[in-house]
Amino acid sequence: MVHAILAVWAAFQMFPLVWMFYSSFKTETEIRANIWMPTLQPTFDNFAEAWQGAIANVTISVYFFNSLFVTAVSLVLLCAVSAMASYALGRYRMKAKMWIVAALIIALSVPIHSIIIPIYIMFKNYGLINSYWGLIFPYVTFGIPFSVLLLTAYFRTFPAEIEEAAYIDGCSEYKVFLKIILPIAMGPIVTVAIINFVALWNEFLFALVLIRDNSKMTLPVGLMLFIGERTARWAPLFAALTISTVPVLLFFFLFQRQILTGMTVGSVKG
Amino acid sequence: MKKPLTAWLFLMPMLLLLVVFMAYPVFYGVLLSLYKWDGIMPKVFFGVKNFVNLYKDPLLAESLKNNVVYSFWNVLMTCGAGLLFAILLSGLAGGRNFYRAVFYMPVMTSMVVIGILSSRILEPNYGLVNSMLRFAGLDHVARSWLGDPETALFSIILVSAWQFIGFPMIIYLTAIMSIPKEIYESSIIDGVRPLQKAFYVTIPMIKIVVLEVVMLQMIWSFKAFDIIYVMTKGGPGTSTYVLGILLYNNAFWFSNLGYASSIAVFMLLTISLLAVLYRRLVKIDGTSIQY
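Chains as they are written, first to last, in the numbering used here: chain S, 102 to 371; chain Z, -2 to 288.
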């Protein structure tokens, strides 16, 4: 009984994504003839059309690499900035620590909506509209509160003996951080990157407002443009959606443990 | 040895980013809400007139109403079904990880992808829903789900609830799994039935986590934008307008930057209020879920 309920719901959760996947191998005629069934003669034409595109810069390949670049650079910067800050918060005695942590907790709840207009005006004045950096800076900033709080909790539990041994050997603070702390803390830092990856890959509002040039768009905004050009055709659309979704799902299956535990950190301690 | 100055150096990049790309924009946004500005002509000081106009704007009432309806059903469906599935999964001997992964897959998927996909599923002529209804002989039920003001909002609610059930489910499941075994063991001895166990043992034990996720879902629902923008852009008419859409249209469609900023301030205050409530209800020890 329990299995039956769960199995039915699992099918219901999976079906739209599975349907999207197999429909991307059908021709337009097959889709019109029967929207439900998978095809016996799979074609890759839809993927070719989506990837290369018919109109200049309305191609999924351009958006895909834009997304990849923006996400990768943002994650590297986010991890570097967060690791440094968390190390300071977790391992140094400072009076302002409580204030900084309080500020980070407040920053957690700042909605994108309340800064999107000022950011748009600022970036227009400084030429950051239609620039990858115009996305990367806000992305890193919005990832900071959660990442720093998570890593600070980790660094608090970090064994002091390791640091002390390094200082006795005469290492400078920077060398201790770079050569000793960072390699040991790599696990949690990678977890932070993994948790943030999905949010950045899927981010929509900043990308919608800050990128107007087709050649600079990331996948979520590019997809909107791509379907806008082909309202009457479904086949290439399914392929485009599949290309955008497969990386996230692959990523999810590879790093399921980190993603699911990362999501539940803190909440369970309630 | 460790010098306080080094700590500040380590903190510097983070503080710089937070000040330039978060604190200053929030401040600038509040300032902008006091002006009338189209982004080109000089700013005109407006005082609180933007807020007075906002209060009188029939679209604000419409958006707020839709936000409340959206939040209510979204929270009820995601948290309700999430709790049900978490309880069912916790009693499972095998296959828990499989179901957990399947239920969480849509949460990982971009709202834009889900929105585009659902628009096709709900499409009036070829869409899955209508073709199924016609096949079942229910032609009169088939309609343009997103093109009809009567059904558009509720269609969107169902889609986003479908997408996000996995989130409460995962959190609740983790919470249930961390309930000490002894509590269940004593209830087995007492001869408690499964349904009683759920209502008298499991749910009371994870009450705080349940509440926490309800608050989080409320905050998220309040910020709803992506899925609505993709599926209906607020239409047909204004039947799926929410605050996020109202703000976006005023700022980037009508260039009412000052007026749109007053909507932003209103959203910031409301969300801060929800967040304060959330922290009152739930004790947090430094780390929390991202929202």
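Glycine is no exception: its CB is placed at the ideal position from the N, C-alpha and C atoms. Remember, predicted model here, so these are calculated numbers, not experimental data.
Just how far apart, CA to CA, sit residue i and residue j?
i: R334 (chain S); j: E150 (chain S); result: 12 angstroms
i: I200 (chain Z); j: W159 (chain Z); result: 23 angstroms
i: L2 (chain Z); j: Y193 (chain S); result: 10 angstroms
i: V41 (chain Z); j: Y25 (chain Z); result: 15 angstroms
i: T284 (chain Z); j: A189 (chain S); result: Note that T284 (chain Z) has pLDDT 40, beneath the 50 cutoff, so the model's placement of it is unreliable and the number below is only indicative. So the alpha carbons of these two residues sit roughly 17 angstroms apart.
i: L205 (chain S); j: Q193 (chain Z); result: 42 angstroms
i: T253 (chain S); j: M264 (chain Z); result: 30 angstroms
i: Q287 (chain Z); j: L266 (chain Z); result: Confidence in Q287 (chain Z) is poor, its pLDDT being 39 and thus under 50, which makes the residue's placement unreliable; the coordinate value appears in the next sentence. Near 19 angstroms, if we compare the C-alpha coordinates of L266 (chain Z) and Q287 (chain Z).
i: V206 (chain Z); j: G235 (chain S); result: 37 angstroms
i: A20 (chain Z); j: V210 (chain Z); result: 27 angstroms
i: M325 (chain S); j: E304 (chain S); result: 13 angstroms
i: N122 (chain Z); j: I168 (chain Z); result: 39 angstroms
i: D282 (chain Z); j: F196 (chain Z); result: Because the pLDDT of D282 (chain Z) is 42, which lies under 50, any placement of that residue in the model is unreliable, and the number read from its coordinates should be weighed accordingly. The straight-line gap from Cα to Cα measures roughly 28 angstroms.
i: M166 (chain Z); j: F48 (chain Z); result: 39 angstroms
i: Y227 (chain S); j: M121 (chain S); result: 41 angstroms
i: S236 (chain Z); j: R97 (chain Z); result: 35 angstroms
i: A139 (chain Z); j: N135 (chain S); result: 17 angstroms
i: C76 (chain Z); j: F43 (chain Z); result: 43 angstroms
i: P117 (chain S); j: L125 (chain Z); result: 10 angstroms
i: R117 (chain Z); j: S175 (chain Z); result: 41 angstroms
i: G231 (chain Z); j: V198 (chain Z); result: 43 angstroms
i: F170 (chain S); j: R131 (chain Z); result: 46 angstroms
Using three-state DSSP, classify residue i as helix, strand or coil.
i: Y123 (chain Z); result: coil
i: F170 (chain S); result: helix
i: V211 (chain S); result: coil
i: F43 (chain Z); result: coil
i: Y227 (chain S); result: coil
i: K198 (chain S); result: helix
i: L15 (chain Z); result: helix
i: Y32 (chain Z); result: strand
i: F352 (chain S); result: helix
i: P191 (chain Z); result: helix
i: T75 (chain Z); result: helix
i: Q357 (chain S); result: helix
i: L141 (chain S); result: coil
i: Y197 (chain Z); result: helix
i: I136 (chain S); result: coil
i: P233 (chain Z); result: coil
Would you mind working out which of the options sits nearest residue i, comparing C-alpha positions?
i: F251 (chain Z); options: S:I106, S:I218 and S:V322; result: S:I218
i: F354 (chain S); options: S:A341, S:I295, S:A340 and S:E304; result: S:I295
i: L283 (chain S); options: S:Y255, S:V299, S:F298 and S:T346; result: S:Y255
i: G241 (chain Z); options: Z:I180, Z:L274 and Z:F222; result: Z:F222
i: M185 (chain S); options: S:F243, S:H214, S:L169 and S:V277; result: S:V277
i: V290 (chain Z); options: S:N231, S:L169, S:I216 and S:Q357; result: Absent from the model: residue 290 (chain Z). The displayed extent of chain Z is -2 to 288, so no value can be given.
i: K196 (chain S); options: Z:K46, Z:R140, Z:A4 and Z:L61; result: Z:A4
i: V23 (chain Z); options: S:L107, S:P139, S:S183 and S:H214; result: S:H214
i: T128 (chain S); options: S:V182, S:F148 and S:A112; result: S:F148
i: S107 (chain Z); options: S:Q359, S:L250 and S:L350; result: S:L350
i: I113 (chain Z); options: S:R358, S:T362 and S:T346; result: S:T346
i: V322 (chain S); options: Z:V109, Z:G163, Z:V27 and Z:G79; result: Z:V109
i: S187 (chain S); options: S:T319, S:P289 and S:A105; result: S:P289
Within the same chain, show all residues whose beta-carbon is closer than 6 angstroms to that of residue i, passing over the 5 residues directly before and after it, in chain order.
i: A208 (chain S); result: P246
i: L51 (chain Z); result: L57 and S259
i: S175 (chain S); result: I237, Y240, V241 and L301
i: L306 (chain S); result: I213
i: P103 (chain Z); result: Q160
Return the first residue and the last residue of the alpha helix (DSSP H) that residue i is part of.
i: M287 (chain S); result: L283 to N303
i: V241 (chain S); result: Y233 to R257
i: Q153 (chain S); result: D146 to Q153
i: M212 (chain Z); result: K204 to F219
i: A157 (chain S); result: No alpha helix (DSSP H) contains A157 (chain S), which DSSP labels as neither H nor E.
i: V262 (chain Z); result: L254 to L278
i: M102 (chain Z); result: R93 to M105
i: S273 (chain S); result: From DSSP, S273 (chain S) is part of no alpha helix (DSSP H); its letter is neither H nor E.
i: F126 (chain S); result: Where F126 (chain S) is concerned, there is no enclosing alpha helix (DSSP H), given that its DSSP letter is neither H nor E.
i: D223 (chain Z); result: D223 to M228
i: V156 (chain Z); result: A149 to F161
i: G323 (chain S); result: L320 to E330
i: L143 (chain Z); result: Looking at the DSSP string, L143 (chain Z) is not in any alpha helix (DSSP H), and its letter there is neither H nor E.
Cutting at 7 angstroms between CB atoms, please list the residues of its own chain near residue i, excluding the five before and the five after it.
i: A272 (chain Z); result: I216
i: N247 (chain Z); result: N253, Y256, A257 and I260
i: S124 (chain S); result: I132 and F339
i: N315 (chain S); result: N158, V159 and L326
Grab me the residues of residue i's own chain with a C-beta within less than 8 angstroms of its C-beta, minus the 5 sequence neighbours each way, in chain order.
i: I268 (chain Z); result: I216, F219 and K220
i: A264 (chain S); result: Correcting the residue identity first, residue 264 (chain S) is Glu in this sequence and not Ala. Excluding sequence neighbours, E264 (chain S) sits near R192, V277, I281 and I282.
i: G144 (chain Z); result: P121 and P233
i: F356 (chain S); result: I295
At a cut-off of 7 angstroms, would you count residue i as near the ligand NAD, judging by its Cβ distance to the nearest heavy atom?
i: K46 (chain Z); result: Absence of the ligand NAD from the depicted structure is noted, as is the absence of any ligand whatsoever, leaving it without description.
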